[in-house]
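Taking it in order: structure first as structure tokens, then the write-up.
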Amino acid sequence: MADTNKLRVRLVTPDRILVDTDADAVEVPSKSGYLEALFGAAPLLAELGTGEVRLHGAQEGDQRFNVARGFVEVLPDRVTILAESALKPEEIDTARAQSELQEGQKVWNEAGEDAEQYVRANEIIAEAESKLASAAHKS
Amino acid sequence: MANVLDLRRRIRSVRNTRQITKAMKMVSAAKLRRAQERALTARPYAAMLTSVLQSLKRRADVYDPTTGDLRHPLLMTREEKNILLVVVSGDKGFAGAFNANIIKAATKFLNENGDKQIDVEALGRKGRDLFRRRFPAARYSDAQPQEDGQQEAVRRERHRSNPIEFVGESTVVLDKVRFDDVRALGEEIVARYTHEEIDAAYIVYNEFKSVIQQRIVVERVLPIIEPGRQEVTAAEEMTQEERRRTAEAAASAGVSLEAQQEADEEEKRFGTADVDYIYEQSPREIFNAILPRYITAQLYHAVIESVAAENAARMTAMDSATNNASEMIDSLTLTMNRVRQAAITKEIIEIVSGASALS
Chain A
1 MADTNKLRVR
11 LVTPDRILVD
21 TDADAVEVPS
31 KSGYLEALFG
41 AAPLLAELGT
51 GEVRLHGAQE
61 GDQRFNVARG
71 FVEVLPDRVT
81 ILAESALKPE
91 EIDTARAQSE
101 LQEGQKVWNE
111 AGEDAEQYVR
121 ANEIIAEAES
131 KLASAAHKS
Chain B
1 MANVLDLRRR
11 IRSVRNTRQI
21 TKAMKMVSAA
31 KLRRAQERAL
41 TARPYAAMLT
51 SVLQSLKRRA
61 DVYDPTTGDL
71 RHPLLMTREE
81 KNILLVVVSG
91 DKGFAGAFNA
101 NIIKAATKFL
111 NENGDKQIDV
121 EALGRKGRDL
131 FRRRFPAARY
141 SDAQPQEDGQ
151 QEAVRRERHR
161 SNPIEFVGES
171 TVVLDKVRFD
181 DVRALGEEIV
191 ARYTHEEIDA
201 AYIVYNEFKS
211 VIQQRIVVER
221 VLPIIEPGRQ
231 EVTAAEEMTQ
241 EERRRTAEAA
251 ASAGVSLEAQ
261 QEADEEEKRF
271 GTADVDYIYE
281 QSPREIFNAI
291 LPRYITAQLY
301 HAVIESVAAE
311 NAARMTAMDS
321 ATNNASEMID
331 SLTLTMNRVR
341 QAAITKEIIE
351 IVSGASALS
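These protein sequence lines map, in sequence, to chains A and B. Using full-length UniProt numbering, you'd call the opening residue of the first sequence number 1 and step up by one each time. Using full-length UniProt numbering, you'd call the opening residue of the second sequence number 1 and step up by one each time.
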């Protein structure tokens, strides 16, 4: 590679390799908050939260992807993001996200004493909300 | 001897059948190609997950400080009393011995573990129909609505009355496998294991490395003994004859046999580096999050490969059927020509002998 100050970014889901490109920086939603990786970052491994992966300075311009459930591995020259669900903003089905949101709220209301159900409800709600937010941000 | 008209009808009918089997073969070949591609794209994810898991294992804090064992509910082995068996079969027939072989392997497993309590879950219509008929369905007590109208939050209570029962709750559609459906199944299995409803989970499916490298395996998915290693408890390889037939069918349908190499290289690119990571969350936390995902990835992998194998089996079966039809047409045509010639000869003899009687 001629330009060595680029990060190699890969976004992989079980269905496809969504992104395999070079970028200046990448923002990743980890479970404990967003983190941004630049070239030369220290090796890091984190669990993915729900939110948006944002690529900056990629060949194709800045890109955003809504992701949920997965892991991110940061190495000095490459970032690999594993996500069970990853969507481009224009691929998000808002109607479906809405119904997922309602589903999550239903689980929450019916959870009663069960802590596990609350955790599940929270996950569903967070995912649906982040999808809606990404979709709304489209313009 | 049949007359010419009958034979001509027979030939026409066989020719029609051949056209159908040929079309089915080409359709299966196209589906196989697509399924193969899906299996390939799923690989980097699975490989990456495994390598992250292995690199985590090198970290000390994942282990129990006193015993030195890995600590996680999914790693705990218990005496196998209650077993879950997931059978991945096909949705449709016309695939040679594909479904029969899967069911045979599953039945063998059930017979060998006759002293234990086994739940059978089936993916694919063929297996589901059979096991639903053969074993009684699992019964649960209904969740009791409480006075304030809220649903009871505890897990449904199971009423087990038979050693082998059928639980058919999965919504996975083999024709259009979606990761989310498989995830639901995986999460259910993990939940049942952590609630100690089951002590082990096995999956029976047709492994598909390539068109000529397939086998039916019984694989243990839970408990995880060693991440990254396949826990195959029984396997049945293809016979030489089957392999030859499949290779022939693939060649005539234009499906390549060597689609895998490219993917293996792809897989290597995703290997984790041998470095000491900073962990954003504690390694334990990451470890706990990754294990259920690992199970799901394994299930997804099994389902995808089974779909590819089913289409390969159908392609082979339909190729055989097409060849048989061609042979039949040849032999029928021969008979028809003979019958026609016999009739002509007979008529000539009659005319000749009639003429000679007159003169």
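For glycine and all other residues, C-beta sits at the position ideal for the given N, C-alpha and C. Predicted model only: the values in this text are computed from it and were never measured.
Residue i: first and last residue of the uninterrupted beta strand (DSSP E) it sits in
{"i": "V19(A)", "result": "17 to 23"}
{"i": "N5(A)", "result": "Run containing N5(A): none; DSSP gives neither H nor E here."}
{"i": "L74(B)", "result": "L74(B) -> no beta strand (DSSP E), and no H or E assigned at all."}
{"i": "Q105(A)", "result": "Unbroken run through Q105(A) is the alpha helix (DSSP H), 94 to 110; no beta strand (DSSP E)."}
{"i": "R54(A)", "result": "51 to 56"}
{"i": "A235(B)", "result": "232 to 237"}
{"i": "G127(B)", "result": "Taken as a continuous stretch (DSSP letters only), G127(B) belongs to no beta strand (DSSP E), being part of the alpha helix (DSSP H) at 125 to 134."}
{"i": "E36(A)", "result": "33 to 38"}
8 Å Cβ cut-off: residues of chain B touching residue i
{"i": "A46(A)", "result": "Y279, E280, Q281, I286"}
{"i": "L82(A)", "result": "Y45, M48, L49, V52"}
{"i": "I17(A)", "result": "T41, P44"}
{"i": "P89(A)", "result": "Near P89(A) there are no residues of chain B at all, since even the closest Cβ is about 19 Å away, more than 8 Å."}
{"i": "A42(A)", "result": "I278"}
{"i": "S32(A)", "result": "E280, Q281"}
Contact check, residue i vs residue j, beta carbons under 8 Å
{"i": "V86(B)", "j": "I203(B)", "result": "yes"}
{"i": "G51(A)", "j": "P29(A)", "result": "yes"}
{"i": "I83(B)", "j": "I224(B)", "result": "no"}
{"i": "L11(A)", "j": "A86(A)", "result": "yes"}
{"i": "A308(B)", "j": "V14(B)", "result": "no"}
{"i": "T194(B)", "j": "P283(B)", "result": "no"}
{"i": "N99(B)", "j": "G90(B)", "result": "yes"}
{"i": "T246(B)", "j": "A312(B)", "result": "yes"}
{"i": "residue 147(A)", "j": "G57(A)", "result": "One cannot answer for residue 147(A) here, as it falls past the ends of chain A, which runs 1 to 139."}
{"i": "E165(B)", "j": "A138(B)", "result": "yes"}
{"i": "T233(B)", "j": "V221(B)", "result": "no"}
{"i": "R54(A)", "j": "E90(A)", "result": "no"}
{"i": "R78(A)", "j": "R8(A)", "result": "yes"}
{"i": "G168(B)", "j": "R128(B)", "result": "yes"}
{"i": "L45(A)", "j": "F71(A)", "result": "yes"}
{"i": "M318(B)", "j": "T21(B)", "result": "yes"}
{"i": "V177(B)", "j": "I304(B)", "result": "yes"}
Residue burial classification, residue i (beta-carbon count within 10 angstroms, cutoff 16)
{"i": "E73(A)", "result": "buried"}
{"i": "H301(B)", "result": "buried"}
{"i": "Y277(B)", "result": "buried"}
{"i": "K25(B)", "result": "buried"}
{"i": "S28(B)", "result": "buried"}
{"i": "N66(A)", "result": "buried"}
{"i": "A106(B)", "result": "buried"}
{"i": "N5(A)", "result": "exposed"}
{"i": "S331(B)", "result": "exposed"}
{"i": "T80(A)", "result": "buried"}
{"i": "G254(B)", "result": "exposed"}
{"i": "Q150(B)", "result": "Confidence at Q150(B) is low in this model, with a pLDDT of 42, below 50, so the placement of that residue should be treated as unreliable; the coordinate-derived value is given next. It counts as exposed."}
{"i": "S130(A)", "result": "buried"}
{"i": "T316(B)", "result": "buried"}
{"i": "K49(B)", "result": "With the sequence shown as reference, residue 49(B) is identified as Leu, and Lys is not the correct amino acid for it. With 16 or more Cβ atoms within 10 Å of its Cβ, L49(B) is classed as buried."}
{"i": "A136(A)", "result": "exposed"}
{"i": "E241(B)", "result": "exposed"}
Strand pairing of residue i, partner residues [DSSP]
{"i": "D119(B)", "result": "L84(B), E165(B)"}
{"i": "I203(B)", "result": "V86(B), E219(B)"}
{"i": "V72(A)", "result": "A46(A), I81(A)"}
{"i": "L11(A)", "result": "V19(A), I81(A)"}
{"i": "Q214(B)", "result": "F208(B)"}
{"i": "E277(B)", "result": "For clarity, residue 277(B) is Tyr in the given sequence; the question names Glu instead. None, per the DSSP bridge assignment."}
{"i": "F94(B)", "result": "BP columns for F94(B) are empty, so no partner."}
{"i": "V67(A)", "result": "G51(A), A86(A)"}
Alpha helix (DSSP H) segment containing residue i, residue limits
{"i": "I189(B)", "result": "179 to 194"}
{"i": "K104(B)", "result": "98 to 112"}
{"i": "V303(B)", "result": "283 to 358"}
{"i": "A251(B)", "result": "240 to 253"}
{"i": "Y118(A)", "result": "115 to 136"}
Closer than 8 Å to chain C by CB, residue i
{"i": "R192(B)", "result": "No chain C appears in the structure shown, which is made up of the protein chains A and B."}
Per-residue contacts from residue i into chain B (C-beta, under 9 Å)
{"i": "F71(A)", "result": "M48, L49, V52, I286, A289, I290, R293"}
{"i": "P29(A)", "result": "Residues of chain B passing the Cβ test: none, with the nearest at roughly 11 Å."}
Contact set between residue i and chain A, taken where Cβ atoms lie within less than 8 Å
{"i": "A297(B)", "result": "P14"}
{"i": "R183(B)", "result": "E84"}
{"i": "Y300(B)", "result": "P14"}
Proximal residues of chain A, C-beta to C-beta of residue i below 9 Å
{"i": "D175(B)", "result": "In chain order: nothing, as chain A lies at least about 16 Å away."}
Under 7 Å from the C-beta of residue i: neighbouring residues of chain A
{"i": "F179(B)", "result": "P14, D15, E84"}
The ligand ADP heavy atom lying under 7 Å from the CB of residue i
{"i": "S89(B)", "result": "With respect to the ligand ADP, the structure shown offers nothing to examine, as it has no ligands at all."}
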